[in-house]
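K.L.:
The structure's right below; bear with me while I get my questions together.
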Amino acid sequence: MTDVLSEFTFPRTGLTVRNRTVLAALTNKQSHEDGALSDDEHHWLTLRSKGGFGIVTTAAANVTEHGRGWEGELGVWSDHHLPGLTRLASELSAHGAVSLAQLFHGGMRAPFELTGVQPVSASENTDSSMKGVTSRELSNSEIESIIISFGDAAVRCEAAGFSGVELHGAHSYLISQFLGSQTNRRKDKWGGDLSGRSMLLKHIIENVRARTSEEFVVGVRLSPAIRDLGIELNETLRVAQWCSEWGLDFIHVSCWDVYQTKTDKNGQETSLTKWFSKHLNSQIPIITTGKIWDSNDVNFAMEEGADLVGVGRAGIAHYDWPRQLEDENSSPKKPPFSIEHLKQAGLSDTFVTYMSRWDGFVLP
Ligand SMILES: Cc1cc2nc3c(=O)[nH]c(=O)nc-3n(C[C@H](O)[C@H](O)[C@H](O)COP(=O)(O)O)c2cc1C
5 MTDVLSEFTF PRTGLTVRNR TVLAALTNKQ SHEDGALSDD EHHWLTLRSK GGFGIVTTAA
65 ANVTEHGRGW EGELGVWSDH HLPGLTRLAS ELSAHGAVSL AQLFHGGMRA PFELTGVQPV
125 SASENTDSSM KGVTSRELSN SEIESIIISF GDAAVRCEAA GFSGVELHGA HSYLISQFLG
185 SQTNRRKDKW GGDLSGRSML LKHIIENVRA RTSEEFVVGV RLSPAIRDLG IELNETLRVA
245 QWCSEWGLDF IHVSCWDVYQ TKTDKNGQET SLTKWFSKHL NSQIPIITTG KIWDSNDVNF
305 AMEEGADLVG VGRAGIAHYD WPRQLEDENS SPKKPPFSIE HLKQAGLSDT FVTYMSRWDG
365 FVLP
């Protein structure tokens, strides 16, 4: 089995990562009202590069002003974001990490109270979190414009010095709303069968690829299945396969729990990571994330076929989580954490307050 602390090289670009640990995208609510990076957010992310992470990913960052999903969200929709992004990319790289910006659009989950406009999606949808506000169906030209916004944002990230971008195709945001048969009931080229429902993602990838350099890393994050949207595991596997054919550099599987299994056709309980690694057969690198905390979890994820392992909460609690893995027997402390511990780990009051909404993470 490959050692998680060994180097990894992206096959297409030749970019080498110092080890196989990934700080997954983590919304932290610390950005300024206009989406500009704050000093607090800069500090929390650069500390993870100092702490030894191979890849550091930004929080979900919006490619359009009206696609914002929550307050304190990072923006990549305008050049006024460039100074903060440039300072961040430069410092992440100075401390040895490969830097990724996660690009997204909230779609039906961009609240009216925040954006002042009706949310948009593949079709008219009512998301349970939207207090009864229904999204409206995007027109063809609006879809084209969102695709260009993803491309603009990627160009901006490359200009800022990021190593690459992760397209957020998971967790029920716009790209997954297009992938889902429940949320995408369009009859035009952007809907219909799975191939039509993947058109938005395909065009975003093409736009980003055409406008960034050969060296720029481009990957996608996918949820294995999202029942409410009408996305099944076998469909996501096909989308992942297409993504590898469309020239992406990685697939990041957002499992939430890497130990979760789904029975295969021979009645064998198979982990979500393994479903992807078997299906993709080493054609494209896989990152997997979800409830990875110690060396046993890391080894399990890699045995199931992951090339890199992502963490969310372990990386929030332990800025130097990769270094702690150097001792195979170490067991990084698990939640709940005191406010003092989290502050020492580089979280601001705003981020700590946000984390107290995550069950059992912060000591009352
Ligand atoms: C506070 C918090 C914020 C998150 N924000 C994002 C995000 O911006 N984008 C994303 O794709 N996933 C986000 N996630 C999901 C994480 O990236 C990760 O997949 C999840 O926490 C499971 O991994 P873990 O068990 O190691 O925490 C978030 C999770 C948490 C706990």
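Residue numbers (this note's numbering): 5 to 368. Backbone N, C-alpha and C fix where the C-beta goes; we use that ideal spot for every residue, glycine too. The structure displayed is predicted, hence computed values, not measured ones.
1. Quick one: what does DSSP say His322 is sitting in, helix, strand or coil?
2. Use the C-beta contact count for Thr20: other C-beta atoms within 10 angstroms, 16 or more gives buried, fewer gives exposed.
3. Can you tell me whether Gln181 is buried or exposed, with buried defined as 16 or more other CB within 10 angstroms of its CB?
4. Find out if the Cβ-Cβ distance for the pair Thr265, Thr277 is shorter than 7 Å.
5. Can you tell me where the beta strand (DSSP E) with Ser103 in it begins and where it stops?
6. Which one or two residues does DSSP pair with Asn66 in a beta bridge?
7. Around the Cβ of Asn211, are there at least 16 other Cβ atoms within 10 angstroms (buried) or fewer (exposed)?
8. In the DSSP assignment, find the unbroken beta strand (DSSP E) run with Val257 in it and report its ends.
9. Would you check whether ligand 1 has a heavy atom nearer than 6 Å to the C-beta of Ala63?
10. What separation, rounded to the nearest whole angstrom, lies between the Cα atoms of Ala63 and Thr17?
11. Does ligand 1 have a heavy atom nearer than 6 Å to the CB of Val315?
12. First and last residue of the beta strand (DSSP E) that includes Glu273?
13. Run through DSSP, which three-state label would Arg288 get?
14. At 3 residues or longer, what runs of the beta strand (DSSP E) sit wholly inside the stretch 158-232?
15. Alpha carbon to alpha carbon, how far is Gly165 from Gln272?
16. Using alpha carbons as the reference points, say which of Val102, Thr187, Ser299 and Asp156 lies closest to Ser167.
17. Could you tell me whether the stretch 108-125 touches the stretch 90-100, where touching means 3 or more Cβ pairs closer than 8 Å?
18. Using the C-alpha atoms, what's the distance from Met359 back to Ala349?
19. Shortest alpha-carbon distance to Lys191 belongs to which of Glu170, Leu142 and Asp232?
20. Check for me: the beta strand (DSSP E) holding Val315 runs from which residue to which?
21. Would you identify the three-state DSSP class for Leu27, choosing helix, strand or coil?
22. Does ligand 1 have even one heavy atom less than 6 Å from the beta-carbon of Lys295?
23. If you drop the 5 nearest sequence neighbours on each side, which residues of the same chain put their C-beta closer than 7 Å to that of Ala213?
24. Who are the Cβ neighbours of Val243 in its own chain at under 6 Å, not counting the five residues just before and after it?
25. Is Thr187 near Asn238, with beta carbons less than 7 Å apart?
26. Give the single residue among Thr90, Val8, Met306 and Ile209 whose Cα lies nearest to the Cα of Asp43.
27. Roughly how many angstroms separate the alpha carbons of His85 and Leu30, rounded to a whole number?
28. Check for me: the alpha helix (DSSP H) holding Thr354 runs from which residue to which?
P.N.:
According to the structure data:
1. Counting from one through the sequence shown, the residue named residue 322 turns up at place 318. Three-state result, His322: coil.
2. The residue you call residue 20 lines up with position 16 of the sequence shown. Exposed, because fewer than 16 other Cβ atoms sit within 10 Å of the Cβ of Thr20.
3. For the purposes of this step, residue 181 is taken as residue 177 along the sequence shown, with counting starting at 1. Answer is buried; the Cβ neighbour count reaches 16.
4. Position 261 of the sequence shown, counting from 1, holds the residue named residue 265. Position 273 of the sequence shown, counting from 1, holds the residue named residue 277. Their beta carbons are not under 7 Å apart, which means Thr265 does not touch Thr277 by this criterion.
5. As a working mapping, residue 103 is identified with position 99 in the sequence shown. Its beta strand (DSSP E) spans residues Val102 to Phe108.
6. Translated into the one-based positions of the sequence shown, residue 66 becomes position 62. Beta-bridge pairing links Asn66 to Gly79 and Phe108.
7. In the sequence shown, residue 211 corresponds to position 207, counting from 1. The residue is buried, with at least 16 neighbouring Cβ atoms inside 10 Å.
8. Numbered from 1 along the sequence shown, position 253 holds the residue referred to as residue 257. Segment Phe254 to Ser258, the beta strand (DSSP E) holding Val257.
9. Reading the sequence shown from its first residue, position 59 is the one you call residue 63. Because some heavy atom of ligand 1 lies under 6 Å away, the Cβ of Ala63 counts as near it: yes.
10. Your numbering for residue 63 matches position 59 in the sequence shown. Your numbering for residue 17 matches position 13 in the sequence shown. Going from the Cα of Ala63 to the Cα of Thr17 covers about 24 Å.
11. Taking the sequence shown and counting its residues from 1, one reaches residue 315 at position 311. Under cutoff, so the answer is yes.
12. Here residue 273 is taken as the residue at index 269 of the sequence shown, counted from 1. Glu273 to Ser275 is the span of the beta strand (DSSP E), which, as asked, contains Glu273.
13. Within the sequence shown, the letter at position 284 stands for residue 288. Per the sequence shown, the amino acid found at residue 288 is Ile instead of Arg. Coil.
14. 168-173 and 221-226
15. Here residue 165 refers to the residue found at position 161 of the sequence shown. Here residue 272 refers to the residue found at position 268 of the sequence shown. Approximately 45 Å between the Cα atoms of the pair.
16. Translated into positions along the sequence shown, residue 167 becomes position 163. Of the listed residues, the one whose Cα sits closest to Ser167 is Val102.
17. no
18. Translated into the one-based positions of the sequence shown, residue 349 becomes position 345. Translated into the one-based positions of the sequence shown, residue 359 becomes position 355. Cα to Cα, the separation comes out at about 13 Å.
19. Stepping through the sequence shown from its first residue, residue 191 is reached at position 187. The shortest C-alpha separation from Lys191 is found at Leu142.
20. On the sequence shown, residue 315 is found 311 positions in, with the first residue counted as 1. Val315 -> beta strand (DSSP E) spans Leu312 to Val315.
21. Within the sequence shown, residue 27 is the residue found at index 23, counting from 1. If DSSP states are grouped into helix, strand and coil, Leu27 belongs with the strands.
22. Against the sequence shown, residue 295 aligns to sequence position 291. Lys295: yes, Cβ under 6 Å from ligand 1.
23. As a position in the sequence shown, residue 213 is number 209, starting the count at 1. A quick correction: the sequence has Arg, not Ala, at residue 213. So the list reads Val222 and Gly251, once near-sequence residues are dropped.
24. Here residue 243 is taken as the residue at index 239 of the sequence shown, counted from 1. Around Val243: Ser202.
25. Numbered from its first residue, the sequence shown carries residue 187 at position 183. Numbered from its first residue, the sequence shown carries residue 238 at position 234. Not a contact, by the Cβ cut-off of 7 Å.
26. What you label residue 43 is simply residue 39 of the sequence shown in a count that begins at 1. Among Thr90, Val8, Met306 and Ile209, the Cα nearest to that of Asp43 is on Thr90.
27. The residue given as residue 85 occupies position 81 in the sequence shown. The residue given as residue 30 occupies position 26 in the sequence shown. Whole-angstrom Cα-Cα distance: 18 Å.
28. The residue you call residue 354 lines up with position 350 of the sequence shown. That run of the alpha helix (DSSP H) goes Asp353 to Met359.
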